[in-house]
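Since the structure comes first, as structure tokens, the remarks are kept for the end.
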Amino acid sequence: MLKYLGQRLLYVIPTLLMVSIVSFAIIQLPPGDYLSTYVANLQAKGEQVDPALLESLRQRYGLDDPFIVQYFKWMSGIVLHLDFGHSMEWSRPVGELIAARLPLTIAIAGASIAIVWLVSLPVGVYSAVKQYSIGDYVATTISFLGLATPNFLLALVMMWFGFTMFGLSVSQVNAGTLIIAMIVLGTAGTAGLIRTLRANLLDELRKPYVVAARAQGLKESKLLIKYPLRVAMNPFFSTIGWLLPSLVGGEVIVSTVLNIPTTGPLMLDALLSQDMYLAGSIIMILGVLTVIGTVISDLALAWLDPRVRLGAN
Amino acid sequence: MTQQEMNVTTQTAHDSEGSVAVDSDIIMSIQDLKTWFHTDEGVVKAVDGVNINIPRGKTMCLVGESGCGKSITARSVLGLIDQPGKIEDGKVLWRETRDTEVVDLASMKPTGDAIRRIRGGQIGMVFQEPIASLSPMYTVGAQLVQAIRLHQNISADEARQRAIEQLDRVGIPQPQRRFHSYPFQLSGGMCQRVMIAIALANDPALLIADEPTTALDVTTQARILDLIAGLQEETGMSVLFITHDLGVVAEIADDVTVMYLGKVAEQGGVNDVFDSPQHPYTRALLSSIPVMGQDTKVSRLSTIKGMVPTPANRPTGCPFHDRCTEAIVGVCDTVEPAVHHVGAGQLSLCHLLDPEHQPPDSETVADDDVDPQEELAPKVDIAARTDNLDDPDRFPLLSVRDLSVDFPIKNGMFSRVTSHVHAVNKVSLDIRPGETVGLVGESGCGKTTLGRAISRALDPTSGQVLFSPDGSTQVDLATLSNRELKPYREQVRVIFQDPFASLNPRKNLLELISAPLKKIRGADNKDSSVQEKVAEMLRRVGLQPEYMFRYPHAFSGGQRQRINIARALITRPKLVIADEAVSALDVSVRAQILNLMADLQDEYDLTYLFISHDLSVVEHISERVAVMYLGEIVEEASTHELFTSPQHPYTEALMSAVPIADPHRRGSQIRVRLPDDLPDAVNPPPGCYFHTRCPHKAETLCDTDRPELHEIGDGPRRTACHWASELSLAGVASNQ
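Chains Y and U, in that order, are what the protein sequence lines are. Reminder that position 302 of the first sequence reads as 302 in my numbering, one-by-one numbering, no gaps. Quick note, my numbering runs 313 ahead of the 1-based positions in the second sequence.
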């Protein structure tokens, strides 16, 4: 187990390095930079820009430096001082901007994940155990509807209902819009997970060890939890890895529709305006969290499933 | 309904109030059991009116081919039928001891407390796939402790103690250590021992064993059968043993029930059923078992034509009439046969026993008897097929020289290679054109690896695989690159073991069978000549060409193996490696496939390397046999010589493990039983690899010196035993 842990952790280092390089490269990919976008915007409005001012800004941000130099400047700041650079659009440190939006982002994502787990676990188990019952058909229908409905549409519809029936104000953040966000995000995740759990559990329920355990005289409920469900839960644990980035990443579309200031819309704006350090930092933080989350999933799986831990096939 | 039948159904039945009276010598009486499955396509009557009485302390064997309802019957007893199955009617009267009340298990709620107390407590059950029947998430010890504590009110520590005792009792070495093993860390035989330990943990009065040895090697099967017999002697429990193998029945049964398509075909004491089988189905099953030691190579195995229909397509009248060679037209196909008693305690459901119907005269029997395949390909004399065998100027078709295959064992953080397993260790073997060489050994002896190295499905570590299609030049397949191998890929083909896993379920037969043509020759499916070839091949292996566009799921195990054979032969290969090609099949289907392979050999001038763990199968088809143990060949001889006078103790042990389908010879045959554990192949024992398990181990040499494979006697036979010339080992043929 220790060996396994050490091995996983060792693999993390080169992966993180790659993540940082790739995220920096991505934000450099589109032609132009923040200043050229800025100038184009101003010119579109018919304003003139002082070339000398542009040049001094260019110097300040080091935009003319070669790729490698820019990358090392940025990375050394992050690694040494946790300094993610400066947002040109907001004229504030990137770290500050993200930190300001994190609590709300985590709250919404955390709540929606809780909804997902609380709903999909019992419904998925019921669907599998009572396959082809009326309840199963209902759950299946609802989860397909949940999967098929675009999130933004559901958010709009719920907002309209909230506005017309409860006089919900949608111009700024309030309890109502937060609840709508949680429900919208929750349904989407629930639908997917019910299907996964149902399929997994159905596979396991047909395995010979279930009949064998029943033949020992085990009670149905205990048998279900102890044997097939335990194996069928594996996808839950392997998705822990995806939770971390989604906690911090925020839901871009739903947040934009509902006008909730999470990190999602922040990143979208940064990408559009080529605010390179802000966009690059968010992308990199998401990448790093994905890597860490995956390691946590791997370890959780190894801890829970002896076949993973002991290397059976 | 005849008077006789009325008598049977009321024989052990109940009085008018519904209370039941069962003879106290009968531990379980299954009466008119009907288990039906209600599917969208209609009602499938998997078990349809079965009557079985299991005498106290005895072993009742339930036999029949796959799909006859044996397992469903056993599961019905414990209420273990999955949806949409349901016990429609009938009784399962259970009387744990002579003094207890009779209860009807069939009337209990399958999820209720009453039946749960009986499951595992009074009736233990063992299943077919030992590894899959244990949960991979818990150690075998934890699962055993749970089974104990379900029915005994004792502390965890006490249960743990009992569990270790149980593991010891079923013959698991180092039970303290194995207690903490997970099922996937143990061999199939070990897992089956654990399953037996779990089933017997609460001293049940009845053990139901559902094909417990079918998935195991013959040597492991022999040990498990011994174990069950020993435990039965010790505890006096009764056993309901389900199998498709009449050889096993002859070894262990007191009474036999032959089932066909959800109904009892014949019932009686084991000697009666084997000596004077009354039902044509029993006779057909009996004759399809290969008998060892009779030089059967020249004769064909007799088979039962066709296969078991699905219960949904049950024929009218006698369910067996469409496969029966003695069916009476106008009777068997319309009227269900009644129960006929023959002598004491034997009964059969067959119209032939009805005095009203005279058995058909022998001529018509002979006419009906002919299987369509039987007419084809008169048996070519082996001598003619292999007449150029000993021509010294010609190379053998295949000449394996010092072939080794090592698998690296990776360890540590950077997966460094710390050691090697010598899966195949300096093996040399010649196969001459037209010959069939059998390659035998237990699981893990390297026989499959050798086959794969020859077919270059994996790369050998060292040594040569000299292939000579024309006898004048040799090519070393071991060193060729993938591109250079291409022309030889169509000349060396493989038939795999698992008829279910070896066919891609998403491709139809045309795609599956023509795949080698496409991959190797670049042929196109739309090319009509490809379709013609596939159609011809399908016809040749006994399938209808119209099946070309169907998918594998529509076929039974035996039919799938025919598909596999067609796929192997479509390129007209010279050498076919059959890797346990019939091991997963029922005995009756196995005979069909073996006959087919023999016919095809004559027709296409094939050379076979026939890999199997079962010597009785190998004997039937091979001219020569090589026996492998721990990566090395330990004996090689002509089939006849090997079976009359084996020269290696391992060969003797393999032979003695094969069950013999004759209850009268039970116990008379010399039984050599090897201990379970194959030595660790990473650190093989010093001296002779086999000395750790050898019953003939001598004081000197065996544990110090490695025996070389050397020639002995006058014939070209080889053995790797120091004491071959001194030992007198028991063959099979010599017992006759």
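Glycine included, each C-beta is placed from N, C-alpha and C at the ideal position. In this text, all values refer to a predicted model and were calculated from it rather than measured experimentally.
Cβ-Cβ distance between residue i and residue j below 8 Å
{"i": "residue 787/U", "j": "residue 712/U", "result": "yes"}
{"i": "residue 620/U", "j": "residue 382/U", "result": "no"}
{"i": "residue 458/U", "j": "residue 469/U", "result": "yes"}
{"i": "residue 438/U", "j": "residue 215/Y", "result": "yes"}
{"i": "residue 870/U", "j": "residue 812/U", "result": "yes"}
{"i": "residue 966/U", "j": "residue 938/U", "result": "no"}
{"i": "residue 19/Y", "j": "residue 257/Y", "result": "no"}
{"i": "residue 591/U", "j": "residue 661/U", "result": "yes"}
{"i": "residue 537/U", "j": "residue 544/U", "result": "no"}
{"i": "residue 763/U", "j": "residue 740/U", "result": "yes"}
Where residue i falls, given that 16 or more other Cβ within 10 Å makes a residue buried
{"i": "residue 690/U", "result": "Residue placement at residue 690/U cannot be trusted, given a pLDDT of 38 that sits under 50; what the coordinates show is reported in the next sentence. The residue in question, residue 690/U, is exposed, as its Cβ has fewer than 16 Cβ neighbours within 10 Å."}
{"i": "residue 576/U", "result": "buried"}
{"i": "residue 523/U", "result": "buried"}
{"i": "residue 292/U", "result": "Residue 292/U is absent from the model: chain U starts at 314 and stops at 1049."}
{"i": "residue 933/U", "result": "buried"}
{"i": "residue 877/U", "result": "buried"}
{"i": "residue 89/Y", "result": "buried"}
{"i": "residue 906/U", "result": "buried"}
{"i": "residue 14/Y", "result": "exposed"}
{"i": "residue 636/U", "result": "buried"}
{"i": "residue 189/Y", "result": "buried"}
{"i": "residue 160/Y", "result": "exposed"}
{"i": "residue 685/U", "result": "Its pLDDT being 42, under 50, residue 685/U is placed unreliably in this model, and the coordinates cannot settle the point."}
{"i": "residue 316/Y", "result": "Because chain Y in this structure spans residues 1 to 313, residue 316/Y falls outside the shown range and cannot be described."}
{"i": "residue 558/U", "result": "buried"}
{"i": "residue 378/U", "result": "buried"}
{"i": "residue 846/U", "result": "buried"}
{"i": "residue 835/U", "result": "exposed"}
{"i": "residue 86/Y", "result": "buried"}
Closer than 7 Å at the beta carbon, the chain U residues around residue i
{"i": "residue 137/Y", "result": "Near residue 137/Y there are no residues of chain U at all, since even the closest Cβ is about 15 Å away, more than 7 Å."}
{"i": "residue 307/Y", "result": "449, 497"}
{"i": "residue 209/Y", "result": "445, 446, 447, 448"}
Cβ distance (whole Å) where residue i is taken to contact residue j below 8 Å
{"i": "residue 71/Y", "j": "residue 24/Y", "result": "5 Å"}
{"i": "residue 497/U", "j": "residue 452/U", "result": "No, residue 497/U and residue 452/U are not in contact; Cβ-Cβ is about 11 Å, not under 8 Å."}
{"i": "residue 765/U", "j": "residue 709/U", "result": "Their Cβ separation, rounded to whole angstroms, is 20 Å, which puts residue 765/U and residue 709/U out of contact at 8 Å."}
{"i": "residue 450/U", "j": "residue 231/Y", "result": "6 Å"}
{"i": "residue 936/U", "j": "residue 951/U", "result": "7 Å"}
Partners in chain Y for residue i, counting only beta-carbon separations shorter than 7 Å
{"i": "residue 433/U", "result": "215, 216, 217"}
{"i": "residue 866/U", "result": "Per Cβ cutoff of 7 Å: no residues; residue 866/U is ~16 Å from chain Y at best."}
{"i": "residue 813/U", "result": "Near residue 813/U there are no residues of chain Y at all, since even the closest Cβ is about 15 Å away, more than 7 Å."}
{"i": "residue 1051/U", "result": "Chain U is shown from 314 up to 1049; residue 1051/U falls before or after that span and cannot be answered."}
{"i": "residue 391/U", "result": "215"}
Chain-ordered chain Y contacts of residue i [CB-CB under 9 Å]
{"i": "residue 464/U", "result": "216, 217"}
{"i": "residue 438/U", "result": "211, 212, 215, 216"}
{"i": "residue 736/U", "result": "What residue 736/U touches in chain Y: nothing, since even the nearest Cβ is about 16 Å away."}
Proximal residues of chain U, C-beta to C-beta of residue i below 8 Å
{"i": "residue 232/Y", "result": "Simply none; closest approach about 11 Å."}
{"i": "residue 5/Y", "result": "Per Cβ cutoff of 8 Å: no residues; residue 5/Y is ~10 Å from chain U at best."}
{"i": "residue 227/Y", "result": "448, 450"}
Within chain U, partners of residue i - CB distance below 9 Å
{"i": "residue 310/Y", "result": "495, 497, 498"}
Within chain Y, partners of residue i - CB distance below 8 Å
{"i": "residue 424/U", "result": "220"}
{"i": "residue 442/U", "result": "208"}
{"i": "residue 528/U", "result": "Correct list: empty, because the minimum Cβ distance to chain Y is about 11 Å."}
{"i": "residue 429/U", "result": "217, 218, 219"}
Problem - Segment contact, 8 Å Cβ cut-off, at least three pairs: the segment 169-186 of chain Y with the segment 108-115 of chain Y - result: yes
Exercise for the section: Answer yes if the segment 826-837 of chain U comes into contact with the segment 891-898 of chain U, meaning at least three C-beta pairs across the two stretches below 8 Å, and no otherwise. Expected result: no
Problem - Touching by the beta-carbon criterion (3+ pairs, under 8 Å), the segment 351-361 of chain U and the segment 409-416 of chain U - result: no
Practice task
Examine the Cβ distances between the segment 115-132 of chain Y and the segment 197-212 of chain Y and report whether three or more of them are shorter than 8 Å.
Solution key: With contact defined as three or more Cβ pairs closer than 8 Å, the segment 115-132 of chain Y and the segment 197-212 of chain Y are in contact.
Handout entry: Inter-stretch contact (C-beta, 8 Å, three-pair minimum) for the segment 27-41 of chain Y and the segment 269-289 of chain Y
Key = By the Cβ criterion, the segment 27-41 of chain Y is in contact with the segment 269-289 of chain Y, since at least three pairs of Cβ atoms, one from each stretch, lie closer than 8 Å.
Handout entry: At least three beta-carbon pairs within less than 8 Å, the segment 77-88 of chain Y to the segment 40-52 of chain Y
Key = no
Exercise for the section: Flag this pair as touching only if the segment 498-515 of chain U and the segment 472-481 of chain U have three or more C-beta atom pairs under 8 Å; answer yes or no. Expected result: yes
Practice task
Would you check if the segment 993-1001 of chain U and the segment 967-976 of chain U touch, i.e. whether three or more CB-CB distances between them fall below 8 Å?
Solution key: no
Handout entry: Meets three-Cβ-pair contact criterion under 8 Å: the segment 558-568 of chain U and the segment 425-436 of chain U
Key = The segment 558-568 of chain U is not in contact with the segment 425-436 of chain U.
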